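Numbering that gives the first Met the number 0 applies: residue 0 is where the sequence shown begins, and numbers increase by one. Every residue, glycine too, gets a C-beta built ideally from N, C-alpha and C. In this text the structure is predicted, and so the values were computed from the model without any measurement. To start, the structure itself, in C-alpha cells.
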Amino acid sequence: MNIIQKHPVNNLGYGFVDKKFIPKGKDEYHLRNTQNGNGINYRTLNAQEIEILVRNRNTSDDWNNILVSSSFNAELVKNCKFFGLVRIGKLESYYLEFHNLRMAVGLYNSTIISCDFGDNVCVDNVNYLSHYIIGNEVMIANVNELATTDKAKFGNGILKEGEVEKVRVWLELCNENGGRSVLPFDGMLAGDAYLWSKYRDDAALLEKFKIFTEGIFDKQHGHYGKIGDRTVIKNCKIIKDVLVGTDAYFKGANKLKNLTVNSDEDRTSQIGEGCEIVNGIVGYGCRIFYGAKAVRFVMASHSQLKYGARLINSYLGNNSTISCCEVLNSLIFPAHEQHHNNSFLCAAVVMGQSNMAAGATIGSNHNSRAADGEIIAGRGFWPGLCVSLKHNSKFASFSIIAKGDFPAELNIPVPFSLISNDMANDTLQVMPAYWFMYNMYALARNAQKYVDRDRRTEKIQHIEYDYLAPDTVNEIFDAIKILEKLPTDTEGNAEITGWENTTRKIKILKAAQAVLLFKELVRYYGTMELLSHVQKNKFAGFEEFKKTLSAKIQRSQWLNIGGQLIQSTAIETLKRNIKSGKVKSWDELHDFYRQQGNAYAADKLNHSYTSLLEILHITPKQFTPALFKQLLQQAIDTKEWMCKGIYSSRAKDYSNPFKKMVYDTNEEMNMVVGRLEDNAFIQQQLGELDAMKKQVKAVSRKLKLA
C-alpha cells in the first residue's frame with residue numbers, strides 16, 4: 000500500500016532537513032547558503048512588486064520569504080506558485096536563444112519550492128521545481144519534476160547521517176557476484192577503479208579506498224541540487240538529485256536520478272531524448288543520446304553512450320563510445336569503441352584501445368555454476384563479428400579474434416596475435432605478430448588515431464597509445480621464450496597445449512617467423528627510444544650520451560593501471576604508502592599518477608635500453624658507437640618495411656576484385672574512397688620515414704659514430 004502522509008499546506012517548502020540533523024547554531028539553510036556563491040545581494044519585495052506579482056496570478060505562502068535582487072522585474076514572473084524561501088536574481092526584458100529555443104527571461108507557469116535563482120534565468124512550465132540553486136542565464140522549459148531530496152548524494156557512493164549500509168550504491172565491476180565492487184565518486188579515474196577492484200586480498204588497502212571516498216564528502220543532510228550557468232534543460236520528465244555543471248544541455252530525457260553531470264564552457268556535456276540515467280557520475284564533455292540507459296556507472300570525460308546502449312554496473316574510460324549494445328559489470332580503460340548492434344560485454348576488464356564488432360558476445364557464465372566469471376583483455380583488444388567468448392579468459396595485448404564461437408576458456412599469452420577457430424579441423428589457431436605481417440596499416444593508424452582523439456584537457460593519467468611500449472615489449476619477451484621452445488614444421492608452424500581448456504590441437508601459425516619478427520621489434524623499440532633521447536639532449540659525443548643511459552640488472556615489470564603504464568615496484572610502494580598513511584586521499588593518489596607520468600619518459604628509456612641489451616645478449620660495455628650506428632640503420636630498415644606494410648595492407652583494398660566490382664571505373668572508385676596516393680596517413684608515415692633518415696644522419700654526425 001502506498002503510504003500518503005498529510006501535512007499542513009503552510010509547511011510546504013520548510014523543514015527540508017529534519018531538526019535532528021541540523022548542527023547546533025545552524026538552520027536548515029546553512030548548507031544552501033554555503034553552496035550559493037553567486038554574490039547576489041537579495042532583498043525583500045516592496046509593496047508595488049507584491050501587487051504586480053499577485054496581479055500576474057502568482058501566489059506565495061509568505062511574500063516575506065520571496066527575496067530578490069535590486070534589478071528584479073516583477074512583470075517577468077507570471078502564473079507561479081511559490082513555497083518556502085525563494086531567492087530570485089536580476090530579471091531583464093530580454094529573451095535567450097539556444098539552438099532555436101527562444102525563451103523570455105523570467106519565471107512562468109511553474110511551482111517553485113525553496114530555490115535560488117541567478118540572473119536572467121528563463122523558467123517556464125516546470126510542474127515541480129524544488130530545492131535547487133540555479134545559475135545565471137539558465138533555460139528550463141517543460142519539465143515535469145526537478146527536485147532534490149535532503150539525502151541527495153549526487154551519484155557518489157556515500158551515506159548520509161543516520162542511513163544504513165544497505166542503501167549505499169556500489170559498482171559491481173569486473174565480476175557479476177560483486178566480489179570486486181567499488182564506490183563511485185566524482186573524479187574517479189580508471190586507475191582508481193582498477194586498483195580498488197584488483198587487489199581484493201588486501202583488506203587494509205580496500206578500507207583505505209573507502210575512507211578516501213567518504214572523506215571527499217560530508218554526511219550532512221540538506222545539500223541542494225545545483226544547475227550551473229548557461230545550462231539548458233527542455234522537455235524532460237524527471238530530474239531528481241542531480242548536480243549539473245555549467246553549459247550542460249538536457250533535452251527530452253525520461254529520467255535522471257542521483258547523478259553528478261560535470262560540464263563547463265570548454266567541455267560541455269549533453270543528455271538527449273529518451274535516456275534513463277540513474278546512480279552515476281558523468282564526466283566532462285560526455286554525450287548520452289537516443290534512448291541510452293545507464294545504472295550504477297561512471298563515465299569518464301569525453302565518453303559517449305548512444306542509440307539505446309545499456310551501461311550497468313560499469314566504468315567507461317575516457318574518449319570511449321558505446322552504442323546499440325549492452326555492457327554489464329565491466330571496467331573499461333580509455334579509448335574503447337563498441338558502436339555496432341547487438342554486442343554484449345559482461346564481467347570484463349578491457350584495458351583500452353579496444354574495438355568490439357557487431358554481434359560479439361564477450362563473457363558467458365554458461366560454463367560455471369555461478370555468475371562469477373571474468374575476462375581480462377590487454378590493450379588493443381579486437382574481437383571480430385559474432386565472436387563468442389567464455390569466462391574465464393585472458394588475452395595478451397593487441398589480440399584480434401576472428402569470427403567464431405569459441406567453445407572453452409582461453410589463455411593467450413602472446414601479443415599481437417590473430418586468434419581463430421578452425422571448425423573444419425577442430426583446431427584453435429593462433430598467429431603471433433599477425434598485425435605486423437598483414438595489417439600494419441590498422442595497427443599504426445589506430446595508434447595515431449587514439450592520440451588525435453584524446454580530448455582530455457586535464458591529463459592526470461599519462462595514457463600510452465604506442466603499440467611498442469614497456470608492457471607489450473615485456474609480453475614479446477615472454478612470447479619469444481614460449482615460441483622458441485616449440486618444435487616447428489617445415490612451414491614454421493608449431494603446436495602447443497594449455498592455451499584453451501580443451502584437449503583439441505592448438506596450432507601456432509608462423510611461429511618461427513614471429514620469433515624473428517619479435518626480436519626485430521625489440522631492437523627497433525630500444526633503438527627508437529635511444530634516438531629520441533639523443534634528439535632531446537645536447538651531447539658532445541657518444542660517451543657523454545652513453546653515461547646518461549642506465550641498464551637495469553633485470554628488465555622492469557610494468558602494469559597497466561587504467562591505461563597508464565607504471566612499474567610494478569612503484570605500485571607496490573604506493574600500496575604500502577596508502578596503508579601507512581603517507582598517501583591520505585584520492586587527490587594525493589592522483590598526484591602519484593602525475594609524478595609517474597612525469598617520470599615515464601626516463602623510466603621508459605631505461606626499460607628500452609635494458610631490453611635492447613637483453614635482446615642483443617650484450618653488456619653495456621659492448622654497446623659501442625659502431626653498434627649504435629648499425630642499430631640505427633637496422634631501425635631505418637624496420638621503419639621501411641613497416642611503411643611498405645602500411646601501404647600494401649591498404650593497397651589490397653584497391654586491387655581486390657571484389658572491392659572493385661561495385662565501381663565501373665577506377666575514376667569512380669577514387670572519387671568514392673579517395674586515391675591511394677592521396678591517403679593522408681600513408682603520406683604522413685612516409686614523411687616520418689624521410690625525417691627519420693635525416694635524424695639518423697644528424698645523430699651519427701653529432702655523436703661521431705664510426
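Handout entry: Local conformation of S419 per DSSP, three classes
Key = Three-state DSSP puts S419 in a strand.
Exercise for the section: Just list the beta strand (DSSP E) runs in the stretch 556-584, keeping only unbroken ones of 3 residues or longer that don't cross its boundaries, in chain order. Expected result: 557-560 and 563-566
Problem - C-beta contact flag for Y440 and I645 at 9 Å - result: yes
Exercise for the section: Give a yes or no on whether the C-beta atoms belonging to L388 and I361 are separated by under 9 Å. Expected result: yes
Exercise for the section: May I ask you to check if the CB of P7 is nearer than 8 Å to at least one heavy atom of the ligand PLP? Expected result: This structure does not include the ligand PLP; it has no bound ligands of any sort.
Handout entry: Where I3 falls: helix, strand or coil (DSSP)
Key = coil
Problem - Beta-ladder partner(s) of A103, from DSSP - result: Y94
Exercise for the section: Pick out the complete alpha helix (DSSP H) segments inside the stretch 422-451, 4 residues or longer, and give them in chain order. Expected result: Complete alpha helix (DSSP H) runs here, min 4: 433-437 and 439-451.
Handout entry: DSSP beta-bridge partners of L330
Key = Y314 and V348
Exercise for the section: Would you grab the beta carbon distance between S648 and Y437 for me? Rounded to a whole angstrom, and I think it's under 8 Å. Expected result: 7 Å
Exercise for the section: Compare the beta carbon distance of V472 and L520 with 9 Å and say whether it is the shorter of the two. Expected result: yes
Problem - Between the CA atoms of S584 and I210 - distance to the nearest angstrom - result: 8 Å
Practice task
For my contact list, V85 and S113 are in at a C-beta cut-off of 8 Å; report their separation, rounded to the angstrom.
Solution key: 7 Å
Exercise for the section: Can you have a look at K707 and say buried or exposed, based on whether 16 or more other CB atoms are within 10 angstroms of its CB? Expected result: Shown here, the chain extends from 0 to 705; a query on residue 707 therefore has no answer.
Exercise for the section: Would you mind sorting T637 into buried or exposed? The rule is 16 or more other CB atoms within 10 Å of its CB. Expected result: buried
Practice task
Count the other C-beta atoms from every protein chain shown that fall within 10 angstroms of the C-beta of Q4, then say buried if there are 16 or more, exposed otherwise.
Solution key: exposed
Practice task
Sort M0, D118, L485 and G156 by Cα distance to L95 and report the nearest one.
Solution key: With distances taken between Cα atoms, L95 lies closest to D118.
Problem - Residues sharing a beta bridge with W381, DSSP - result: I399
Problem - Bridge partner(s) assigned by DSSP for C235 - result: V142
Practice task
Out of T664, D246 and L242, point me to the one whose CA is closest to H130's CA.
Solution key: L242
Handout entry: Straight-line gap, N64 to T58 (C-alpha atoms, nearest Å)
Key = 12 Å
Practice task
Report the rounded CA-to-CA distance for N9 versus R199, giving the unit in angstroms.
Solution key: Using only the alpha carbons, I get a separation of about 53 Å.
Handout entry: N- and C-terminal bounds of the alpha helix (DSSP H) containing G525
Key = A510 to K535
Practice task
Going by CA-CA distance only, name the one from F343, A357, K504 and G491 that's closest to D421.
Solution key: K504
Problem - Integer Cβ distance of V231 from F97, believed to fall under 8 Å - result: 5 Å between Cβ atoms; contact.
Problem - Neighbourhood of R338 by C-beta, 6 Å cutoff - its chain only, sequence neighbours within 5 removed - result: Before going further, note that residue 338 is His rather than Arg in the sequence given. Counting only Cβ-Cβ distances below 6 Å, and skipping sequence neighbours, we find T320 and S322.
Problem - G673 versus Q682 - alpha carbon distance - result: 13 Å
Problem - beta strand (DSSP E) segment containing V277, residue limits - result: E275 to V281
Handout entry: Own chain partners of L626 with C-beta closer than 7 Å, once the 5 adjacent residues on each side are dropped
Key = none
Practice task
Work out the CA separation of F343 and R378 for me, nearest whole Å.
Solution key: 18 Å
Exercise for the section: Decide if K551 is buried, meaning its Cβ has at least 16 other Cβ atoms within 10 Å, or exposed. Expected result: exposed
Problem - Euclidean distance between Cα positions of D709 and I635 - result: As displayed, the chain neither begins before 0 nor continues past 705, which places residue 709 out of reach and without an answer.
Practice task
Just tell me which of L631, T547, L485 and M298 has its CA closest to the CA of L508.
Solution key: L485
Exercise for the section: Could you spell out where the beta strand (DSSP E) holding E336 opens and where it closes? Expected result: H335 to Q337
Problem - Rounded C-alpha distance that separates R101 from S300 - result: 30 Å
Exercise for the section: For M355, write down the residues that DSSP places opposite it in a beta bridge. Expected result: Beta-bridge pairing links M355 to no other residue.
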